[in-house]
């Protein structure tokens, strides 16, 4: 008997896309059924830079990737997730 796992997902949240990638992998590995539930974390759309603040720069120093960019790279996902 499969375990039903309810998952709330907001398509406008870039972190939710990472979770969706991880959940798909989990579904392949374990005997689970995903019950997708739409959820608006942010009812009003936010610009991508609201999720990825710019790090202070010294002018000469190369820009460091943000935590969000590193998380997308770890999941082998394209960044940014949407235009």
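Residue numbers (our numbering): 946 to 1028. Each residue gets a CB set at the ideal place from its N, CA and C atoms; glycine is no exception.
Quick check on residue i: buried or exposed, where buried means 16 or more other Cβ atoms within 10 Å of its Cβ?
i            : result
residue 987  : exposed
residue 1016 : buried
Just list the residues that DSSP pairs residue i with in beta bridges.
i            : result
residue 948  : 977
residue 1019 : For residue 1019, which the question treats as bridged, DSSP gives no partner whatsoever.
residue 982  : 953
Could you check the C-alpha separation between residue i and residue j for me, to the nearest Å?
i            : j           : result
residue 970  : residue 977 : 11 Å
residue 973  : residue 966 : 11 Å
residue 1024 : residue 946 : 37 Å
residue 950  : residue 968 : 10 Å
Per the contact definition of three or more C-beta pairs closer than 8 Å, is the region 950 to 966 in contact with the region 974 to 986? yes
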